[in-house]
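Here's the structure we're looking at; comments come further down.
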Amino acid sequence: GAGVSQSPSNKVTEKGKDVELRCDPISGHTALYWYRQSLGQGLEFLIYFQGNSAPDKSGLPSDRFSAERTGGSVSTLTIQRTQQEDSAVYLCASSLNRVNGYTFGSGTRLTVV
Amino acid sequence: KQEVTQIPAALSVPEGENLVLNCSFTDSAIYNLQWFRQDPGKGLTSLLLIQSSQREQTSGRLNASLDKSSGRSTLYIAASQPGDSATYLCAVSRGGASSGNTPLVFGKGTRLSVIA
Chain A
90 GAGVSQSPSN KVTEKGKDVE LRCDPISGHT ALYWYRQSLG QGLEFLIYFQ
140 GNSAPDKSGL PSDRFSAERT GGSVSTLTIQ RTQQEDSAVY LCASSLNRVN
190 GYTFGSGTRL TVV
Chain B
2 KQEVTQIPAA LSVPEGENLV LNCSFTDSAI YNLQWFRQDP GKGLTSLLLI
52 QSSQREQTSG RLNASLDKSS GRSTLYIAAS QPGDSATYLC AVSRGGASSG
102 NTPLVFGKGT RLSVIA
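Here it is as structure tokens:
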């Protein structure tokens, strides 16, 4: 696609429920990143995928968070047993390589009530 | 651990004024630095990308400089307009010879308001 697409754009869920957030990167981009932006905070790195290599999960805040990337393209971030502190904007980015920089999607705003 | 700081956190200027946003980073071993713009409720839009070997990049009314050795970058906006009102984010990519991908480290941003 022309840009990075994320869905849904907004998600309201009840505490304790599981949610899935989707990211469709730019076609041909080998790297895909997930970041979290909480109110008043900077962007916090969560996880990144590079080609067929094992993902770098070093930023995931707890084992309730997981992500997968199928076929080297679309990625799904799953949050199990959501908590109120999970409320944030979840941003996805993709890149071909560092020389060309990173392109971000519009984000998914998650609200846990 | 790389840390990125942006000063000021918020800035309000009258239309037409030239302004400078500051970004500093603690580890000078970066591959490149990227400035983004974020409008309320929106994602990030890339403004300028400076490779570690470069000193500056320009796009229209925007000019970004990089002093890698001192760990600083500035974003200069000329003749500011109300449409420039947004949050400006600075991010650095970890150093290394390879052009392979690594996560960005972001500052918390500068919230700019340009008053008509």
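Respectively, the protein sequence lines represent chains A and B.
Numbers 90 to 202, taken from the working numbering, label the letters of the first sequence in order.
Numbers 2 to 117, taken from the working numbering, label the letters of the second sequence in order.
Ideal Cβ placement from N, Cα and C applies to all residues, glycine included.
Should Ala117 of chain B be labelled buried (16 or more other beta-carbon atoms within 10 Å of its own) or exposed?
As a working mapping, residue 117 of chain B is identified with position 116 in the second sequence. Answer is exposed; the Cβ neighbour count stays below 16.
What is the DSSP secondary structure of Pro15 of chain B, reduced to helix, strand or coil?
As a first step, residue 15 of chain B must be located in the second sequence, where it is residue number 14. Strand, per DSSP.
Pairing CB atoms from the region 25 to 36 of chain B with CB atoms from the region 78 to 86 of chain B, are three or more of them under 8 angstroms?
The region 25 to 36 of chain B and the region 78 to 86 of chain B do not touch, with fewer than 3 CB-CB distances between them shorter than 8 angstroms.
Compare the C-alpha of Lys109 of chain B against each of B:Ile31, B:Arg38, B:Asn33, B:Val21 and name the closest.
Taking the first residue of the second sequence as 1, we reach residue 109 of chain B at position 108. Closest by C-alpha distance to Lys109 of chain B, out of B:Ile31, B:Arg38, B:Asn33, B:Val21, is B:Arg38.
Buried or exposed (CB count within 10 angstroms, at least 16 for buried), Ile51 of chain B:
Numbered from its first residue, the second sequence carries residue 51 of chain B at position 50. The residue is buried, with at least 16 neighbouring Cβ atoms inside 10 Å.
Closer than 8 angstroms to chain B by CB, Gly117 of chain A:
Taking the first sequence and counting its residues from 1, the one referred to as residue 117 of chain A is at position 28. Under the Cβ distance rule, Gly117 of chain A does not count among the residues neighbouring chain B, no pair being separated by less than 8 angstroms.
Helix, strand or coil at Asn64 of chain B according to DSSP, with G and I counted as helix
Position 63 of the second sequence holds residue 64 of chain B. Asn64 of chain B falls in the strand class under three-state DSSP.
With 16 other Cβ atoms within 10 Å as the buried cut-off, status of Ala182 of chain A:
Along the first sequence, one-based indexing puts residue 182 of chain A at 93. The residue is buried, with at least 16 neighbouring Cβ atoms inside 10 Å.
Sequence ranges, beta strand (DSSP E) only - wholly within the region 147 to 180 of chain A, length at least 3:
Taken in chain order, the whole beta strand (DSSP E) runs of length 3 or more contained in the region 147 to 180 of chain A are 154 to 158, 164 to 168.
Is the CB-CB distance between Arg125 of chain A and Thr103 of chain B below 8 angstroms?
Position 36 of the first sequence, counted from the first residue, corresponds to residue 125 of chain A. Position 102 of the second sequence, counted from the first residue, corresponds to residue 103 of chain B. A distance of 8 angstroms or more separates the beta carbons of Arg125 of chain A and Thr103 of chain B.
Pull up the CB-CB distance for Val115 of chain B and Ser86 of chain B, whole angstroms please, since I reckon it's below 8 angstroms.
Your numbering for residue 115 of chain B matches position 114 in the second sequence. Your numbering for residue 86 of chain B matches position 85 in the second sequence. Taking the Cβ atoms as the reference, Val115 of chain B lies roughly 5 angstroms from Ser86 of chain B, within the contact range of under 8 angstroms.
Assess contact between the region 148 to 161 of chain A and the region 126 to 137 of chain A, defined as three or more Cβ pairs (one per stretch) separated by less than 8 angstroms. Is contact present?
In this structure the region 148 to 161 of chain A lies against the region 126 to 137 of chain A, because at least three pairs of beta carbons, one per stretch, are closer than 8 angstroms.
Own chain residues within Cβ distance below 6 angstroms of Arg198 of chain A, not counting five before or after:
Numbered from its first residue, the first sequence carries residue 198 of chain A at position 109. The beta carbon of Arg198 of chain A sits closer than 6 angstroms to those of Asn99, Val178, all from its chain and outside the five residues before and after it, given in chain order.
Looking at the secondary structure, which residues open and close the beta strand (DSSP E) in which Glu109 of chain A lies?
Position 20 of the first sequence, counted from the start, is the residue given in the question as residue 109 of chain A. Its beta strand (DSSP E) spans residues 108 to 113.
Using a Cβ-Cβ cut-off of 7 angstroms (strictly less than) and excluding sequence neighbours within five positions of Gln173 of chain A, which residues of its own chain qualify?
Locating residue 173 of chain A in the first sequence gives position 84, where the first residue counts as 1. For Gln173 of chain A, where only same-chain residues beyond five positions count, the Cβ hits under 7 angstroms are Lys104, Val201.
Give the C-beta separation of Leu49 of chain B and Leu113 of chain B to the nearest angstrom, bearing in mind that I take them to be a contact with Cβ-Cβ under 8 angstroms.
Sequence index remark: in the second sequence, residue 49 of chain B carries index 48 (1-based). Sequence index remark: in the second sequence, residue 113 of chain B carries index 112 (1-based). Their Cβ separation, rounded to whole angstroms, is 15 angstroms, which puts Leu49 of chain B and Leu113 of chain B out of contact at 8 angstroms.
Cut-off 7 angstroms between Cβ atoms - residues of its own chain near Thr6 of chain B, not counting five sequence neighbours on either side:
Mapped onto the second sequence, residue 6 of chain B falls at position 5. For Thr6 of chain B, same chain residues with a beta-carbon under 7 angstroms away, outside a window of 5 residues either side, are Ser25, Gly108 in chain order.
Counting only Cβ pairs nearer than 7 angstroms, list the residues of chain B close to Arg158 of chain A.
Here the question's residue 158 of chain A lines up with position 69 in the first sequence. Listed along the chain, the chain B residues whose CB falls inside 7 angstroms of the CB of Arg158 of chain A amount to none; the nearest CB is some 13 angstroms away.
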